[in-house]
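Engineer: One structure, as structure tokens, below. Some questions next.
Chains as they are written, first to last, in my numbering: chain Y, 327 to 392; chain C, -18 to 331.
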């Protein structure tokens, strides 16, 4: 379920310029209004700079680069 | 025992034990096995860096951390050395076999060629079993080496099954695969290996079966997170300007169906009503501008979703570990080795 929520949110932002612009202005508001679990909210807030401003990904797990 | 050994002390101890086992190999084979174990990331790499010997360090650190609860037990430390060296051999062997199957231009494959690489992988798997059998000579419960070997055998079969699924998926259109199938493959491959590392550590610390299974689950979740993160970043590098790309063959070019690629295909299918046979990421540079942009946007979406799901699994691993240890804190060293001492929690304060 949480995987699906992340997938749907990212899809919505990536395919709708208006949502992307809104995210750029108020990421926290947009994400919190979606009323996801704290865990999903935290993750989407971390993705927000990449989603809204196309900032580069950071390597979250350098240690276990399998 | 006064606290947990630092990582470099652990590496030195394990390195010394590993070299003793390598001395028993025939000289030409020993040269190739030593060369593989000395590449970056492996236990014999010099000068040693932060990431070296991680397969060995995980079970060893876990035993050290758990022994803080129960007090000093030199028998468990010996068992931990055995588990650690076996894990280093198994992890290194699977890395080599992956390189051969993916036709990756990795340093060992370039240095040794395919045949010698496969031979070294076989030797490492056998060496892992020799290391575990040697535990029978120590003053340890006789069931421990048997349980460790059983765990290793099961893992190798599970990982092989995952690799089989992965290889067969290369022949299928990306749109046919589901997110769940991709996660199953990640679980069977990287998930089972990290689960094994945690399981072996928990077995050496003489935990009850249920606790062993819970530590294995922490490893499995971390393994999935690492695999997804790896897949997302590998594909992300492909979207960078050509000058920033490495010469290595990409997952796209190989036709591998990693999660970001599958998600990208499904996004193209639903957003632009494309037929599954029409979606082919292997020749992006040959596409017309408009179509190329749609494909790149879909790949970007797949990458970001995969990274989000990787963060999710990592957070699940952190929570599972928290539930296991309760109010006790996990040693900083173990946190570093597990890679669970970072920033996700800090964002909760935004």
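Cβ coordinates follow ideal geometry from the N, Cα and C atoms, glycine included.
Since we're looking at a predicted model, the values are computed, not measured.
Count the other C-beta atoms from every protein chain shown that fall within 10 angstroms of the C-beta of residue 336/C, then say buried if there are 16 or more, exposed otherwise.
Structural biologist: In the structure displayed, chain C extends from -18 to 331; residue 336/C sits before or after that span and is not available.
Engineer: Give the range of the alpha helix (DSSP H) segment to which residue 262/C is assigned.
Structural biologist: Reading the second chain from its first residue, position 281 is the one you call residue 262/C. Careful: residue 262/C lies outside any alpha helix (DSSP H) and carries neither H nor E.
Engineer: How would you call residue 318/C, buried or exposed, if buried means at least 16 neighbouring beta carbons within 10 angstroms?
Structural biologist: As a working mapping, residue 318/C is identified with position 337 in the second chain. Buried is the call here.
Engineer: Grab me the residues of residue 193/C's own chain with a C-beta within less than 7 Å of its C-beta, minus the 5 sequence neighbours each way, in chain order.
Structural biologist: Locating residue 193/C in the second chain gives position 212, where the first residue counts as 1. So the qualifying residues of the chain are 180, 183, 184.
Engineer: Could you say which of 201/C, 251/C, 24/C, 149/C lies nearest to residue -12/C if we only look at CA atoms?
Structural biologist: As a working mapping, residue -12/C is identified with position 7 in the second chain. Closest option to residue -12/C, Cα to Cα, is 24/C.
Engineer: Counting along the chain, where does the alpha helix (DSSP H) carrying residue 14/C start and finish?
Structural biologist: The residue labelled residue 14/C in the question sits at position 33 within the second chain. Element bounds for residue 14/C: 8 to 18.
Engineer: When you compare only the Cα positions, how much space is there between residue 315/C and residue 21/C?
Structural biologist: What you label residue 315/C is simply residue 334 of the second chain in a count that begins at 1. What you label residue 21/C is simply residue 40 of the second chain in a count that begins at 1. Straight-line Cα distance between these residues: approximately 21 Å.
Engineer: Under 6 Å: does the beta carbon of residue 199/C sit that close to some heavy atom of the ligand ATP?
Structural biologist: In the structure shown, the ligand ATP is absent, as is every other ligand, since no ligand is present at all.
Engineer: Given a cut-off of 7 Å, decide if residue 90/C and residue 337/C are closer than it, judged by their beta-carbon atoms.
Structural biologist: As displayed, chain C neither begins before -18 nor continues past 331, which places residue 337/C out of reach and without an answer.
Engineer: Can you tell me whether residue 236/C is helix, strand or coil according to DSSP?
Structural biologist: Stepping through the second chain from its first residue, residue 236/C is reached at position 255. Looking at residue 236/C - three-state DSSP - the assignment turns out to be coil, as it is neither helix nor strand.
Engineer: Consult DSSP for residue 311/C and reduce its assignment to one of helix, strand or coil.
Structural biologist: Here the question's residue 311/C lines up with position 330 in the second chain. In the structure shown, residue 311/C sits in coil (DSSP, three-state: anything other than H, G, I, E or B).
Engineer: Residue 306/C: buried (16+ other C-beta within 10 angstroms of its C-beta) or exposed?
Structural biologist: The count along the second chain starts at 1 and reaches residue 306/C at position 325. Exposed, because fewer than 16 other Cβ atoms sit within 10 Å of the Cβ of residue 306/C.
Engineer: Buried or exposed: residue 218/C, going by 16 or more other Cβ atoms within 10 Å of its Cβ?
Structural biologist: Working through the second chain from its first residue, we reach residue 218/C at position 237. Per the 10 Å Cβ criterion, exposed.
Engineer: Please report the distance separating the alpha-carbon of residue 19/C from that of residue 27/C.
Structural biologist: Locating residue 19/C in the second chain gives position 38, where the first residue counts as 1. Locating residue 27/C in the second chain gives position 46, where the first residue counts as 1. If I take the Cα positions, the gap works out to 7 Å.
Engineer: For the segment 162 to 189 of chain C, list the alpha helix (DSSP H) runs that are entirely contained and at least 4 residues long, ordered along the chain.
Structural biologist: 173 to 185
Engineer: Which same chain residues end up closer than 7 Å to residue 229/C when comparing Cβ atoms and leaving out the 5 residues on each side of it in sequence?
Structural biologist: Reading the second chain from its first residue, position 248 is the one you call residue 229/C. Below a pLDDT of 50, predicted positions are generally treated as unreliable, and residue 229/C, at 49, falls in that range; the measurement from the model is reported next regardless. Excluding positions up to five away in sequence, the list reads 85, 86.
Engineer: Please state whether DSSP places residue 322/C in a helix, a strand or coil.
Structural biologist: Against the second chain, residue 322/C aligns to sequence position 341. Residue 322/C falls in the coil class under three-state DSSP.
Engineer: How is the alpha helix (DSSP H) around residue 294/C delimited, first residue to last?
Structural biologist: By one-based count along the second chain, residue 294/C stands at place 313. First-last of the alpha helix (DSSP H) with residue 294/C: 270 to 306.
Engineer: Kindly give me the distance between the Cβ atoms of residue 14/C and residue 104/C, rounded to whole angstroms, as I take these residues to be in contact under 8 Å.
Structural biologist: Walking along the second chain from the start, residue 14/C turns up at place 33. Walking along the second chain from the start, residue 104/C turns up at place 123. Sure, about 6 Å apart at Cβ, within 8 Å.
Engineer: Quick one: list the residues of chain Y neighbouring residue 289/C, beta-carbon separation under 9 Å, in chain order.
Structural biologist: Start at 1 with the first residue of the second chain, and residue 289/C comes out as number 308. Near residue 289/C (Cβ distances below 9 Å), the residues of chain Y are 329, 332, 333, 335, 336, 366, 369, 370, 372, 373.
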